[in-house]
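Participant: Quick one: structure below, then a few questions.
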Amino acid sequence: MDEMRCFCASGQLGHGIPRPAFERGISLKPDYIGADCGSTDIGPYYLGAGTCDGHPDIIRRDLEMVLLAGRRLDVPVILGSAGSAGGEPHLQLTLRVLYEIAQRHRLSFHLAVIHAEVDKSYVLNKLAANKARPCGRLHELTAGHIERATRIVGQMGMEPFIKALDAGADVIVAGRACDAAVFAAMPVWKGYDKGLAMHLGKIIECSSLSAEPGGRDAIMATLDRDGFVLESMNPIRRCTPHSVAAHSLYEQPDPFEVVEPGGRLDMTESRYVPIDERRTRVTGSRWEPNPVYTIKLEGVEKLGYRYFSLGALRCPVSTGQAKSILAKVEGIVGELLNGDFDPRDYRLKFRAYGVDGAMGDGETVRAQPLEIMVVTDVVARTPEIAQAVCSVARYNLLHYFYDGILATGGNLAVPFVPADVSGGEVYEFSLYHLIEVDDPCELFPMELIEIREGARRG
Amino acid sequence: MARLRDLCHTLRSKNAGPFQITFDAIFRTEDEFQRARESGVFTPGNLAQVLRYPGQDIKVVFYPAGKAIKVTVPRRAPSGSFDDTDVFGCQQHAPLLDLDIL
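Read top to bottom, the protein sequences are chains W and C.
According to this note's numbering, the first sequence holds residues 73 to 530 in order.
According to this note's numbering, the second sequence holds residues 30 to 131 in order.
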């Protein structure tokens, strides 16, 4: 094989794959169809709650597109970070949809399912063996973090995918996976350079974001022994040397190197050369394996339940002293509820949009706003406590008598009732740590399932 | 004197994982990139005042191939935690817009 056509259908499967660019890519007969389905970018909630960021109907639509195309071309379909967070519930939801599609179209294929949820006892053992450390600047891992975690996943590298390809998989559905590995596995399996394959994966896992103008359309990377050529499958999007090089910055702390499972991608010597107006060739990227293979763990802890309420300050007498009013009402609410609720069971915060809602303590500008949206935000041990505190807080804000008050009918323009809205469960990232492993596949058990004419065998 | 926003075609902030935020200033031309690079503005000490992070926490990388300057800081609160104000970290770039570049 002299070249390989590496196709990314979507950087976030389940949010609607743009159809024309996808069909154009398929018409070019890629050697595999890859899609990334998740990220930590969406916050800790989905990993904790076991739900998907995308709507099941859209996941079905997208999955049907890639699955039917993959079977029609008879090339592997490779999906990573199934169901946004890549834990067990996310994987199972994705598989349920996949089985429905297989049945409806009477598809036949070999399916590999790769699990990524990690047992707490395994992580505790790694901690005890001194084989766990923070990924970047954050707290050291403790047994408490592990025990309190709602769910922990490991981010797999390319090795579990390669194992699945070795086993003859036509379709691979993996839990949490390194985005680039989803796309690098097939080239590396076929003997292409690992540095080029990982760099290619890093770029195409974001679909056409590396183009000008950037977008969510499918993208193709054509890989040979010395480099790869990028082309967005939407003709209006141009992959220029500048746009592709600049993409190395995206969501990464360093454009010259990316630390990945098992090693680091070194882009210091990467070169970006135009082929024509819409295509750029990349060469010179190198892979440096680590002497010790590490896997990144992601885990979340449950903080409780949220209720929130919205109301706007418009009176200039109140907007001018909003922060002081909100601080005083927080104090009043704390005192009022003292004895009714344990203060450790809830947290109350007024978020003042128009003052510093987006930036908090990082806000550098102070200006007199026309109006201020106050979000009364409460997270508590139970939904009942959250709702009760939220109602007391927004009512006390509504009728607080601040200095110089003229408008004694109430302080908030409330846009709708009921005013206290459930925000559901609340989680926080508590694990983002690297552990040393002996075998890159040890955390990621694989199941092989044969599907014939839409029915599962065995 | 020019404002940073007038030299850049992209000026953004974004999560780099749940515990870091990264800022990208991507310049329109090589000259403008060099001008900003040599302006002395992109030092941890200066950025500490502008972004309100301790200087020792701020990492600055110059990236000629992308005509870009990257600044990475630890988040004030992890993405999506109770004290967070910006789950995606994508609106934290505002203080950089009006930086004066000599």
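Note that the Cβ used here is the ideal one computed from N, Cα and C, for glycine as well.
The ligand PLP heavy atoms versus the CB of W:F473: any closer than 7 Å?
Facilitator: In the structure on display, the ligand PLP does not appear, and there are no ligands present to speak of.
Participant: How would you list, in chain order, the residues of chain W whose beta-carbon sits under 7 Å from the beta-carbon of C:S68?
Facilitator: Under the 7 Å cutoff, chain W gives no residues; its nearest Cβ is about 19 Å from C:S68.
Participant: Name the DSSP bridge partner or partners of W:E332?
Facilitator: DSSP lists W:G335 as partners of W:E332.
Participant: Quick one: does C:I130 have its CB under 8 Å from some CB of chain W?
Facilitator: Judged by the 8 Å Cβ criterion, C:I130 is not in contact with chain W.
Participant: Can you tell me where the beta strand (DSSP E) holding W:R529 begins and where it ends?
Facilitator: Counting along the chain, the beta strand (DSSP E) containing W:R529 begins and ends at A527 to R529.
Participant: Quick one: list the residues of chain C neighbouring W:R209, beta-carbon separation under 8 Å, in chain order.
Facilitator: The answer, in chain order, is F48, Q49, D86 and P103.
Participant: State buried or exposed for W:A239, treating a residue as buried only when at least 16 other CB atoms are found within 10 Å of its CB.
Facilitator: By the neighbour-count rule (16 or more Cβ atoms within 10 Å), W:A239 is not buried but exposed.
Participant: Label W:R309 either buried or exposed according to how many other C-beta atoms from any shown protein chain fall within 10 Å of its C-beta, with 16 as the threshold for buried.
Facilitator: Label assigned to W:R309: buried.
Participant: Name the residue from W:S390, W:P285 and W:C513 whose alpha carbon lies nearest to the alpha carbon of W:A485.
Facilitator: If we check each option's Cα against that of W:A485, W:S390 comes out closest.
Participant: Using three-state DSSP, classify W:E36 as helix, strand or coil.
Facilitator: One cannot answer for residue 36 of chain W here, as it falls past the ends of chain W, which runs 73 to 530.
Participant: Which of the three DSSP states is assigned to C:L131 in this structure?
Facilitator: C:L131: coil per DSSP, three-state reduction.
Participant: What is the residue span of the beta strand (DSSP E) that W:H271 lies within?
Facilitator: First-last for W:H271: K266 to I276, but that is the alpha helix (DSSP H), not the beta strand (DSSP E).
Participant: First and last residue of the beta strand (DSSP E) that includes W:L506?
Facilitator: Segment V493 to V509, the beta strand (DSSP E) holding W:L506.
Participant: In chain order, what residues of the same chain have a beta carbon less than 7 Å from the beta carbon of W:L337, not counting five sequence neighbours either side?
Facilitator: G267, M270, H271, K274, E329, V330, S357 and W359.
Participant: Cutting at 6 Å between CB atoms, please list the residues of its own chain near W:P455, excluding the five before and the five after it.
Facilitator: The answer, listed in chain order, is Y377.
Participant: For C:F71, return the contacting residues in chain W, with the cut-off set at a CB-CB distance below 7 Å.
Facilitator: Correct list: empty, because the minimum Cβ distance to chain W is about 14 Å.
Participant: With a threshold of 8 Å between beta carbons, is C:A31 in contact with chain W?
Facilitator: Judged by the 8 Å Cβ criterion, C:A31 is not in contact with chain W.
Participant: Check each residue of the segment 393 to 420 of chain W: if its Cβ is closer than 8 Å to any Cβ of chain C, include it; give the result in chain order.
Facilitator: Cβ contacts with chain C: R419.
Participant: Mind checking who W:C80 pairs with in its DSSP beta bridge?
Facilitator: W:G106 and W:I291.
Participant: Quick one: using the 10 Å Cβ neighbour count with 16 as the cut-off for buried, is W:N197 buried or exposed?
Facilitator: Exposed, by the Cβ-count rule.
Participant: Under three-state DSSP, which class holds W:Q393?
Facilitator: Coil.
Participant: In angstroms with no decimal places, state the Cα-to-Cα distance between W:E497 and W:L140.
Facilitator: Roughly 36 Å between the two C-alpha positions.
Participant: Kindly indicate which residue of W:I444, W:M445, W:E443 and W:G426 has the alpha-carbon position closest to the one of W:V437.
Facilitator: Of the listed residues, the one whose Cα sits closest to W:V437 is W:G426.
Participant: Flag this pair as yes or no: are the beta carbons of W:A460 and W:E332 separated by less than 8 Å?
Facilitator: No, the Cβ-Cβ distance between W:A460 and W:E332 is not below 8 Å.
Participant: Report the neighbours of W:T312 on chain C: residues whose CB is nearer than 8 Å to its CB, in chain order.
Facilitator: Simply none; closest approach about 11 Å.
Participant: Any beta carbon from chain W within less than 8 Å of C:F42's own beta carbon?
Facilitator: Before going further, note that residue 42 of chain C is Ser rather than Phe in the sequence given. C:S42 does not count as touching chain W.
Participant: For W:K395 and W:G335, I'd like the C-alpha separation in whole angstroms.
Facilitator: Spanning the two alpha carbons is a distance of roughly 48 Å.
Participant: Does W:D326 have its Cβ less than 8 Å from a Cβ in chain C?
Facilitator: Yes, because at least one Cβ of chain C sits closer than 8 Å to the Cβ of W:D326.
Participant: Does C:P83 have its Cβ less than 8 Å from a Cβ in chain W?
Facilitator: By this cut-off, C:P83 is not an interface position.
Participant: Can you find a CB in chain C that lies within less than 8 Å of the CB of W:G429?
Facilitator: Closer than 8 Å: yes.
Participant: Under a Cβ-count criterion, where at least 16 other Cβ atoms within 10 Å of its own Cβ denotes burial, should W:A236 be classed as buried or exposed?
Facilitator: Under this definition W:A236 is a buried residue.
Participant: Can you check DSSP and say which residues form a bridge with W:E349?
Facilitator: Beta-bridge pairing links W:E349 to no other residue.
Participant: Does any residue of chain C have a CB that is nearer than 8 Å to the CB of W:A424?
Facilitator: So, not an interface residue.
Participant: Name, in chain order, the residues that DSSP records as bridge partners for W:D358.
Facilitator: It should be noted that the sequence gives Arg, not Asp, for residue 358 of chain W. Answer is W:D338.
Participant: Relative to the alpha-carbon of W:Q440, which residue among W:V451, W:T448 and W:R386 has its alpha-carbon at the smallest distance?
Facilitator: Among W:V451, W:T448 and W:R386, the Cα nearest to that of W:Q440 is on W:R386.
Participant: At 7 Å on the CB atoms, spell out the chain C contacts of W:G115, in chain order.
Facilitator: Simply S108, G109 and V116.
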